[in-house]
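Okay, structure first, notes after.
Residue numbers (the numbering used here): 6 to 136.
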């Protein structure tokens, strides 16, 4: 069985866009992912996400918080996927929301991770998504 932490170099050079309004969460995710060699970009809300998508190279993965101050992250991801079906989006949340995994799948997201985020599980999912 492969070890996600040791294989995290599969993320080297991959652009991961993290969409989260919580400063502590952004710092935590940066600390989890910085050693993977991924290029990390951060935005705080749906408005900044729309601006980013319109003016930057397409990220390899978008990690989006479900509850943003100006948008439902899953609904926003679905809107983006309708315009750019090649995007790969993973939801993240601190909330236990009934039916969230199914909603993510139905809307075309590649998965959902729950806080507190387990580093090994996150790396494993991100590696799967970028393959």
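Ideal Cβ positions, reconstructed from N, Cα and C, are used throughout, including at glycine. If you're wondering where the values come from, they're calculated on a predicted model, not measured in any experiment.
N-terminal and C-terminal residue of the beta strand (DSSP E) that residue i is part of
i	result
residue 39	Segment: none, residue 39 is in no beta strand (DSSP E) and carries neither H nor E.
residue 45	44-48
Whole-number beta carbon distance between residue j and residue i, since they are thought to touch under 8 angstroms
i	j	result
residue 51	residue 81	5 angstroms
residue 113	residue 24	That belief does not hold up - the Cβ atoms of residue 113 and residue 24 are roughly 16 angstroms apart, past 8 angstroms.
residue 98	residue 70	7 angstroms
residue 135	residue 56	Not really, about 24 angstroms apart at Cβ, beyond 8 angstroms.
residue 38	residue 21	7 angstroms
Cβ of residue i within 8 angstroms of any chain C Cβ
i	result
residue 47	Note that chain C does not occur in the displayed structure, where there is just one protein chain.
Buried versus exposed, by CB contacts within 10 Å (16 or more), residue i
i	result
residue 43	buried
residue 87	exposed
residue 110	exposed
Residue interval of the alpha helix (DSSP H) (run including residue i)
i	result
residue 23	No alpha helix (DSSP H) contains residue 23, which is instead part of the beta strand (DSSP E) from 20-24.
residue 112	Careful: residue 112 lies outside any alpha helix (DSSP H) and carries neither H nor E.
residue 132	124-135
residue 120	No alpha helix (DSSP H) contains residue 120, which DSSP labels as neither H nor E.
My parser needs the alpha helix (DSSP H) runs of 4 or more residues fully inside the segment 70-99; what are they?
78-88
Count Cβ pairs between the segment 103-110 and the segment 120-131 that sit closer than 8 angstroms; are there 3 or more?
no
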